[in-house]
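Take a look at the structure below.
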Amino acid sequence: MTSFEQPNFKNHFAELLKLAASKIVTSDSNARIELTRTKQANHGDYSCNLAMQLAKPLRKNPREIAALLIEALPDSPYLEKVEIAGAGFINLFLKVSAKQRIIANIFQNSNQFGHSDAQNDKKIQIEFVSANPTGPLHVGHGRGAAFGASLANLLSAVGYSVSREYYVNDAGRQMDILTLSTWLRYLELHGITIPFPSNAYQGKYVRDMAHLIKQAHTDRYVHQSEFLLQDMPLPNQDGVIDLEAQLNKLIANSKEILGQDYAYIHNFVLTEQLGDCRNDLMEFGVVFENWFSEQSLFDNGLVAHAVELLEKKNYLYHQDGASWFRSSDFGDEKDRVVQRENGQFTYFASDIAYHLNKFERGFDLVIDVWGADHHGYIPRVKGAIQALEMDPEKLEVALVQFAVLYRDGRKVPMSTRSGEFVTLRELRNEVGKDAARFFYVMRKSDQHLDFDLDLAKSQSNENPVYYIQYAHARVCSVLSQWNEDVATLHDINTESLTSPMELALLQKLIDFPDIIESAAKEYAPHVIAFYLRDLASEFHSYYNATRFLVPEIPIRLARLALIASTRQVLCNGLALLGVSAPEKM
RNA sequence: GUGCCCGUAGCUCAAUUGGAUAGAGCACCAGCCUUCUAAGCUGGGGGUUACAGGUUCGAUCCCUGUCGGGCACACCA
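Here my numbering is used: the first residue of the first sequence is 53, the next is one more, and so on.
Okay, structure coming up:
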């Protein structure tokens, strides 16, 4: 068998139809040539609705146009026949020999099969997770992580040069609260007890960090409590205590008392949490090229710079002592504060600077993966980008809905406030990395996800992860019993593969590159999950109906080549989702 | 109240972005292991795509309205 370029029959036929159309349409009809895979075998392998699209501009019967198109269609070595059907569909039938050649192609490209260089190394950045480093990641972050990582793999597979980035919110008040919380726990360890604020961080990990500081520095950061509690805000005339104001005062006092040491504790807790987060994600198979510090934007004057730019371009005004950005000029529902009365920049201000910085780094496209609750934030960020005379089209925001855990058919209660949340690490420990990665992306990302813990753990046919992995393991098992070098299958004769099941499986393998392409285009990893389910199903049927290790050598080898290439595609698809492909189960 | 998202089989979800008879899994029923892993396979029932209109050759998809659910409406991050 001669080697040949990776064929994409869909694109190939689209090209032929385009040529045919150019012969019968003189003016630009702006008709899109779109081929779709057919659902029914008697409709052929690919179908095109071009004739129906041209019916109006040409003022002709679609079936008539279809006939003209077919007449003008250039010859193709892959085409068995063409038919007109229904209202004017053009149905294309692939030659069996063309289908069989996919096997050689899969072996040739091995773990790159399905990948393309269509995007020609265009620079794309995808920012995801970006959770505050103030505590362990929880299951909500997990979905963003799984989605972002899979999407990044998909984008890379279609030829983008991908940069994965985690935006570290190390500058805000939340970090101060964590610093204070840790120091209070540390003081407790030295017998100095101050009522622990209810709105400070309650988690056990805070006590753990306090222990670490004590171990390393004994009583170096101990100070007496009366200083810490001085000038606390009092209840108002209604007896209501402003807890947030109290917390702010505690933070301010501790900064004063600790002096330079405050920065040490701040840095310590940040490093601890970030390290934990990085480790957690690594074990989840999620890695980043870049961890971008929000604080660095302040340190380098980029926040002030961004705000000045807006000022210069007359998109700021001053009211009630604050600086407002005219985001309502760009479709936002109201204007937004970028600098407060006390001179502090808002989170939005640093986010403008961050996006300005992203664009200045020269990415062709920037993707932000956010929780769906942030959707209201999009207009102001895009507005700022536009105000700074950059192209808002170059920013794509992918929203990910929350995941709700179910155990024993009941919702697992979760709320950050009560500290009652399931961490990503706990989830991984319970269901394993593979099930977690797969379940997170098996639904469309903008849909709520019901995550069934019992199902994810079950080792049964109900569990889609095992179903797919099992198909892979089965192939491995057959090949190991065959006990010869798989490489010898790479260029064997596959003419005997003509049964309906074999043809269906071949067609499924042919689809893989198109599946990757559309999944990447739509930012839809779930498409891969569904595809793998289908492919595994096709394989299991074949496995059940066919014996592979038959005495007739040519048939045996052809069948083994088919299942070995199926294994390759299963493996490539699972890799895109960050799921392992075990050889034994 | 305003804006965005959603409503598809008993349950969880798809549907190549306007295409042909709306598909999978689970659950339910009936079969298949002396044979390469039964974590598998084969067959079956199950639908007014929330509802009412509209646009056109053609609508789950686009437009309008109604009902129901989620989210967001900070000088928080």
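Just so you know, even glycine gets a beta-carbon here, dropped at the ideal spot from N, CA and C. All values reported here derive from a predicted model rather than from experimental measurement.
Distance, Cα to Cα, residue i vs residue j?
i	j	result
A358	I404	7 Å
F397	F350	9 Å
F61	L146	8 Å
L584	R272	58 Å
Q226	P516	39 Å
H190	R477	8 Å
G140	F564	28 Å
G192	F503	11 Å
A572	Q453	19 Å
W422	A268	38 Å
K70	H592	38 Å
E67	M494	33 Å
Y519	Y595	13 Å
S375	A508	50 Å
I293	N305	18 Å
V483	L505	7 Å
Around the Cβ of residue i, are there at least 16 other Cβ atoms within 10 angstroms (buried) or fewer (exposed)?
i	result
V355	buried
H524	buried
M284	exposed
I605	exposed
F340	buried
M261	buried
N319	exposed
S182	buried
L286	exposed
K463	exposed
K636	exposed
F279	exposed
P247	exposed
M53	With a pLDDT of 35 at M53, under the threshold of 50, the modelled position of this residue cannot be trusted, and the question is left open.
I176	buried
H370	exposed
In terms of residues, what are the limits of the alpha helix (DSSP H) holding residue i?
i	result
F65	F61 to I76
N409	Y399 to E412
N624	I605 to L629
A119	P114 to A124
Y519	P516 to W534
F350	E346 to D351
A374	Not the alpha helix (DSSP H): A374 falls in the beta strand (DSSP E), residues A374 to F377.
F248	First-last for F248: undefined, no H or E at that position.
N205	V191 to A209
If you run the structure through DSSP and keep just helix, strand and coil, what is residue i?
i	result
M637	coil
F56	Any reading at F56 needs caution, since the residue's pLDDT is 45, under 50, leaving its predicted position unreliable; the model's value is listed next. It is coil, neither helix nor strand.
E688	This structure leaves residue 688 out entirely; the chain is present only between 53 and 637.
A487	helix
G327	helix
D420	strand
R462	strand
I178	strand
N172	coil
R89	strand
R477	helix
L457	strand
S99	strand
S632	coil
N157	helix
S548	coil
Do residue i and residue j have their C-beta atoms closer together than 8 Å?
i	j	result
L531	V621	no
G200	I178	yes
I544	L601	no
V148	T550	yes
G428	G383	no
P444	L326	no
I413	V631	At residue 413 the sequence reads Arg, which differs from the Ile that was named. Result no, Cβ atoms of R413 and V631 do not sit closer than 8 Å.
P577	S215	no
I568	L131	no
E135	G96	yes
Could you give the first and the last residue of the continuous beta strand (DSSP E) run that contains residue i?
i	result
I136	L131 to A137
D504	L501 to D504
V449	L447 to V452
I309	Careful: I309 lies outside any beta strand (DSSP E), inside the alpha helix (DSSP H) at L295 to L310.
F582	Where F582 is concerned, there is no enclosing beta strand (DSSP E), although the alpha helix (DSSP H) it sits in stretches over H578 to A597.
V338	Premise fails: V338 is in no beta strand (DSSP E) and is neither H nor E.
What I want to know is whether the C-beta of residue i ends up closer than 7 Å to one or more non-hydrogen atoms of the ligand SAH.
i	result
Q105	For the ligand SAH, the structure offers nothing, since it holds no ligand at all.
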